[in-house]
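There are 2 protein chains.
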Amino acid sequence: MKNKFLTVLASAMLGVTVSFGWSFQASAQNDPLPSWNDTSAKQAIVDFVGRVTKAGGPDFVAPAERIATFDNDGTLWVEQPMYVQMAFALDRVKALAPLHPEWKDTQPFKAVLEGDMKTLAESGERGLVEVIMVTHAGMTTSEFAKIVTDWLATARDPRFKRPHTELVYQPMLEVLAYLRANGFKTFIVSGGGVEFMRPWAERVYGIPPEQVIGSSIKTKFQITDGSPVLFRLPEVNFIDDKAGKPIGINEAIGRRPIAAFGNSDGDLQMLQWTTLSGGVRLGVIVHHTDAEREYAYDRQSHFGHLDVALDAAAVNKWTVVDMKKDWKVIFPFEKR
Amino acid sequence: MKNKFLTVLASAMLGVTVSFGWSFQASAQNDPLPSWNDTSAKQAIVDFVGRVTKAGGPDFVAPAERIATFDNDGTLWVEQPMYVQMAFALDRVKALAPLHPEWKDTQPFKAVLEGDMKTLAESGERGLVEVIMVTHAGMTTSEFAKIVTDWLATARDPRFKRPHTELVYQPMLEVLAYLRANGFKTFIVSGGGVEFMRPWAERVYGIPPEQVIGSSIKTKFQITDGSPVLFRLPEVNFIDDKAGKPIGINEAIGRRPIAAFGNSDGDLQMLQWTTLSGGVRLGVIVHHTDAEREYAYDRQSHFGHLDVALDAAAVNKWTVVDMKKDWKVIFPFEKR
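Listed in order, the protein sequences are those of chains A and E.
Residue numbering for the first sequence follows our numbering, starting at 1 and increasing by one per position.
Residue numbering for the second sequence follows our numbering, starting at 1001 and increasing by one per position.
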């Protein structure tokens, strides 16, 4: 208890966000993961943390090397019926349409404005990139952060009728807090846009901007009226997905994680990079198995497609979380 | 004193390197910057830290926002008579020459092998990129880190006859420690290669790999004999210099620094990005004015060219450190 108190006190002094850690410690002195059922998944996480933090033990890992990486969509928050960032892009097309009367007759914008998802899907990657660029570029980084923040304040999930930032997984918040309380640095490593996540990741996950890794577009430095800005250009800079995840991790962190959490084939290489390098490592796949409380999907799903990585989990002894079986609650609001 | 003890204790628990902070605190209870003379430069740094950390004060900055960025070459360590990384590349060409008999007759390698710096310089950027790629690509990231570490263990500065990692500026080590003791996160933002700095930056500067930003080449993820590696490709990924510095800072940190330290025109945009955004900010230029103890150079120098940024310092009220006048010692070994 004394150590925990010091950790929290010192974290505050050092500027580390401890809100989740604190609530976790206050509510569950003896159980670091109170929203998890006592199944093998929970046991695997607790065992791993115990082994790498046991001073003098054979599997001890120095605090500086305790890096844990988390996918975002489908691992920390809901990614159905579509990625939140895609919902954002579609809403932005509608908001910007009055400035672009030509969109009424131009694909893929016509499809977006008419809510014709089938035609939009048929426009393929090229169409989607067009939608992303027109909604994500053409403003400064500060302006974009405000657009994201404003949108999240009013947007609601179509099924749960709540802000997207409330549709985060309570058991995963507990894992984040538990790892941080044990000296880990927690990072997001997402295929989503890094500047779409940073405005709210610290408040929602306790993960500061400098520990958020994601896809990005290019920016241009310029001084406008004596004020330096970064202007967002309609050009892809980096796609932080699949084999891009270990590359992004290496570029941004420069160390190999010892724990990684994902939920789809997009996370396969991150899990390989993390776990197949010797030493005690933790690889976790969140398997969406609960159609009643959330969604059930894997090999057939477009968003969060989980196929090769599910097979690889069995081979590589990654922990597969069965949401229906392993989680007492899905969302923080269920606890109230 | 109690707070400082807790900081150090907790830093250890949280995995933050505190070696410099500790030695600083043990040796200078009342003077956070003992190797600095009591001139206006030192005063500007101490005033800034006092203002942004004064709880309840008008200029208070929350710990999470206390980001300080440091150029490396010429700001934290010696960059004359050439960048250390260039000395590394030239040595590597010589080491690899037996495997490339054709280099004896091929420029720019012939020039390197003959020590003909004039011809090498005449080969221009294209020649230099060729030298960099052949010495920095074609191996895994782990292999490259070992090559750098091994080279640094034996390479000696031609003038001071010491390892390059001993030719770091003691007054700047004190600034790094002082800022960290005041809740800052310290980052390197260098035009040099990120993977050239990371193997030693934590030991020498107390800056962990995830807080080192630099130039990079592209990498490729692959699984070789069941083991995942990142293979370094001979293709530029990002140049973290000039306007690239604010871009690199935004990509890696996602917040604007409130303090930035540089020494050349390559740092101009980083200093603009940091200081020209309102609020109390600190911009520092290390001016090399001491030919006797180190080097004296600015507007005419090829390495560490300081011209536009020196003029901008006067306009923008950046602090210009006069090494000869402001620093009691230059290197750590002078203290012994």
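No residue lacks a Cβ here, since even glycine has one placed at the ideal position from N, Cα and C.
Item	Value
Residues in the stretch 252-284 of chain A having any Cβ partner in chain C nearer than 8 Å	No chain C is present in this structure, whose protein chains are A and E.
Boundaries (first-last residue) of the beta strand (DSSP E) holding K118 (chain A)	Where K118 (chain A) is concerned, there is no enclosing beta strand (DSSP E), although the alpha helix (DSSP H) it sits in stretches over 117-122.
Straight-line Cα distance separating D1073 (chain E) from G1266 (chain E)	10 Å
Any C-beta of chain A under 9 Å from that of E1130 (chain E)	no
6 Å CB neighbourhood of P1032 (chain E) in its chain, flanking five on each side removed	Y1178
Validate contact between the stretch 1275-1287 of chain E and the stretch 1250-1260 of chain E using beta carbons, cut 8 Å, 3 pairs	yes
Assumed close pair I213 (chain A), F187 (chain A) - CB separation to whole angstroms, cut-off 8 Å	6 Å
Contact set between I247 (chain A) and chain E, taken where Cβ atoms lie within less than 7 Å	T1219, F1221, L1230
9 Å Cβ cutoff, R299 (chain A) in contact with chain E	no
Proximal chain A residues relative to N1250 (chain E), where beta-carbon distance stays under 8 Å	T141, T219, L230
V236 (chain A) classed as buried or exposed, judged by whether at least 16 other C-beta atoms fall within 10 angstroms	exposed
L99 (chain A) classed as buried or exposed, judged by whether at least 16 other C-beta atoms fall within 10 angstroms	exposed
K42 (chain A) burial status per 10 Å Cβ neighbour count (16 or more: buried)	buried
Short CB-CB distance (under 9 Å) between P209 (chain A) and chain E	yes
Contacts of R198 (chain A) in chain E (Cβ-Cβ under 7 Å)	G1254
Contact with chain A by I1147 (chain E), beta-carbon distance below 9 Å	no
Against chain A: residues of the stretch 1032-1064 of chain E by CB proximity under 9 Å	A1062, P1063, A1064
Three-state secondary structure assigned by DSSP to F333 (chain A)	helix
Inter-stretch contact (C-beta, 8 Å, three-pair minimum) for the stretch 71-88 of chain A and the stretch 302-312 of chain A	yes
Beta strand (DSSP E) segments (min. 3 residues) lying fully within the stretch 1239-1265 of chain E	1259-1262
Backbone secondary structure at H1164 (chain E) - three-state DSSP	helix
Rounded C-alpha distance that separates K1335 (chain E) from Y1083 (chain E)	25 Å
7 Å CB neighbourhood of V329 (chain A) in its chain, flanking five on each side removed	S35, Q170, K335
Rounded C-alpha distance that separates E114 (chain A) from E130 (chain A)	17 Å
Cβ distance (whole Å) where I1247 (chain E) is taken to contact S1215 (chain E) below 8 Å	Actually they do not touch by this definition, with Cβ atoms about 12 Å apart.
For N316 (chain A), the three-state DSSP class (helix, strand or coil)	helix
Chain E contact for N72 (chain A) (CB, 9 Å cutoff)	no
Burial state of D150 (chain A) (16 or more Cβ within 10 Å)	exposed
Contact set for P199 (chain A): own chain, Cβ-Cβ below 7 Å, skip 5 residues either direction	A145, V148, T149
Chain-ordered neighbours of G1226 (chain E) on chain A, where CB pairs are closer than 8 Å	L276
Reduced DSSP category for H287 (chain A) - H, G, I as helix; E, B as strand; rest coil	strand
Length of the line joining the Cα atoms of K1324 (chain E) and E1251 (chain E)	36 Å
Any chain A beta carbon closer than 9 Å to A1012 (chain E)	For A1012 (chain E), the predicted structure reports a pLDDT of 34, less than 50, and the residue's modelled location is therefore unreliable. A value from the coordinates is still provided. So yes, A1012 (chain E) belongs to the interface.
Closer than 7 Å at the beta carbon, the chain E residues around A243 (chain A)	F1221
Run of the beta strand (DSSP E) containing V1189 (chain E), from where it starts to where it stops	1185-1193
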